[in-house]
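J.:
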Amino acid sequence: MAKTTSVSEAAAAIRAGKLVAFPTETVYGLGANALDAGAVARIFEAKGRPVTSPLIVHVDSVAMARDLTVEWPESAKKLAAAFWPGPLTLVLFKAAIVPDIVTAGLSTVGLRMPSHPVALALIREARVPIAAPSANRFSGLSPTSSAHVAAAMGGQVDVLLDGGSSAVGIESAVLSLAGPVPRLLRPGVVTRAEIEVVIGPVEAGGRPGEVPGDNVAHPSPGMHPKHYSPRTPLLLGSPRCEGRGAYVYVEERSLENSAVIQIRMPREARAYAAALYETLHTLDLQSLDWIAVEPPPSGPEWEGVWDRLTRGAA
Ligand code: TXA
Ligand code: MG
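Residue numbering for the sequence shown follows this note's numbering, starting at 662 and increasing by one per position.
Shown next as structure tokens:
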């Protein structure tokens with residue numbers, strides 16, 4: 662693996678069909694030329710990801726996104742104007758140039774224009790859309806720094822492009838525009854309410870097995886009940902009395918087990934999300950018996966955090 666801050670070097674690797682881990686504002690991605698089926702196949706091998714899980718394709722412009730779809734509806738136009746570049750993925754019917762392996766055989770493709778300047782520069786310089794899942798082993802914790810990528814996947818990546826820590830800290834919201842009513846398949850820091858202001862009613866929650874248009878693949882690997890997990894057992898609730906563990910909390914409380922490492926999290930949802938994976942990665946390195954996370958506050962802006970914690974703890 663070559664670690665670099667050179668966008669040109671990483672763009673050349675993408676064009677040569679290689680795997681490039683790169684920063685986005687949400688989490689680091691494991692990227693390949695989305696139009697090169699052979700390169701995309703290597704993403705699945707490197708992650709140990711089932712080929713039934715579709716990938717997000719990253720673009721540097723609305724024009725590039727439109728070229729990958731058969732239709733760019735009014736809703737997509739409005740959402741891209743409101744939220745791109747940024748942490749919202751739109752699922753639309755795909756154009757024939759998108760290889761089937763990218764979409765796991767689905768007739769739809771997930772598209773996102775990231776806001777991280779290094780990600781945008783990489784796509785621009787590579788001059789091709791970049792297919793990328795999060796740069797972690799399947800079902801593991803997503804990386805929010807190049808150090809996380811190097812630790813989890815260093816051996817499988819050709820080039821690791823460093824761009825600092827990911828500011829958003831959890832994966833993008835995924836919204837399907839392929840059905841009769843828009844459906845939020847994965848919550849993120851862009852909330853359902855914010856999307857509804859722009860396009861009207863949105864249904865909540867992905868339904869495993871239900872994909873508008875066809876039924877070939879699982880619609881959202883992020884919907885597998887177990888996902889986003891550290892290696893250390895993650896509990897959503899009170900700390901255990903026995904063993905060495907860590908307690909991650911917003912509201913402080915006194916603990917019986919004084920050996921517990923205590924980590925205080927921000928009270929604001931976006932700041933909490935930004936710190937969550939970094940905190941879990943750090944604790945995961947400490948060979949603890951458990952990590953207990955206090956159930957965070959409820960409310961629409963906490964949906965993305967709740968989703969990742971409940972799946973991480975499953
Ligand atoms: O923030 C993110 O989304 C990050 C960065 C790298 O962009 N990527 C990411 O990718 O989290 P991944 O592969 O870990 O998650 C992709 C999500 C999955 O839940 C997947 O099912 C959904 O997007 N997805 C992709 N294409 C889809 C499609 N055609 N239909 C339904 N869901 C799709
Ligand atoms: Mg992932």
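For every residue, glycine included, the Cβ atom is placed at its ideal position computed from N, Cα and C.
(1) Have a look at ALA695, VAL858 and ALA935 and flag the residue whose alpha-carbon is nearest the alpha-carbon of ASP721.
(2) Can you tell which of LEU691, ALA975, PRO843 and PRO775 has its C-alpha closest to the C-alpha of VAL723?
(3) Determine the direct distance from the alpha carbon of SER669 to that of LEU783, and round the result to whole angstroms.
(4) Just checking PRO790 against ligand 2 - is the residue's beta carbon closer than 7 angstroms to any of the ligand's heavy atoms?
(5) Classify MET697 as buried or exposed, calling it buried when 16 or more other Cβ atoms lie within 10 Å of its own Cβ.
(6) What residues match up with HIS719 in a beta bridge as DSSP calls it?
(7) Check each candidate in GLU903, VAL909 and HIS888 and name the one with the smallest Cα separation from LEU897.
(8) Have a look at GLN947 and ALA792 and give me their C-alpha separation to the nearest angstrom.
(9) Here's a check: name, in chain order, each residue in its chain whose Cβ is nearer than 6 angstroms to the Cβ of VAL789, leaving out the five neighbours to either side.
(10) For ALA677, count the other beta carbons within 10 Å of its own beta carbon; 16 or more makes it buried, fewer makes it exposed. Which is it?
(11) Could you pull the DSSP bridge partners for ARG925 from this structure?
(12) Among ALA953, ASP823 and PRO843, which has the Cα closest to the Cα of ALA663?
(13) Alpha helix (DSSP H) containing LYS739: first to last residue?
(14) How is GLY701 classed by DSSP in three states: helix, strand or coil?
(15) Within this structure, are the beta carbons of ALA930 and VAL966 separated by less than 8 angstroms?
(16) So is GLN817 buried or exposed if we call it buried at 16+ other beta carbons inside 10 Å?
(17) Less than 8 angstroms between the beta carbons of ILE860 and PRO843, yes or no?
(18) Using the C-alpha atoms, what's the distance from GLU732 back to PHE744?
T.: Result, derived from the coordinates:
(1) ALA695
(2) PRO775
(3) 8 angstroms
(4) PRO790 Cβ: outside cutoff for every heavy atom of ligand 2.
(5) It is Asp, not Met, that sits at residue 697 in the sequence shown. By the neighbour-count rule (16 or more Cβ atoms within 10 Å), ASP697 is buried.
(6) ARG773 and ILE791
(7) VAL909
(8) 33 angstroms
(9) ASN694 and LEU696
(10) Answer is exposed; the Cβ neighbour count stays below 16.
(11) TYR910
(12) Comparing C-alpha distances from ALA663 to each of ALA953, ASP823 and PRO843 shows the shortest one belongs to ASP823.
(13) 735–744
(14) Position check: residue 701 holds Val in this sequence, whereas Gly was assumed. Helix, per DSSP.
(15) yes
(16) buried
(17) yes
(18) GLU732 has its alpha-carbon roughly 19 angstroms from the corresponding atom of PHE744.
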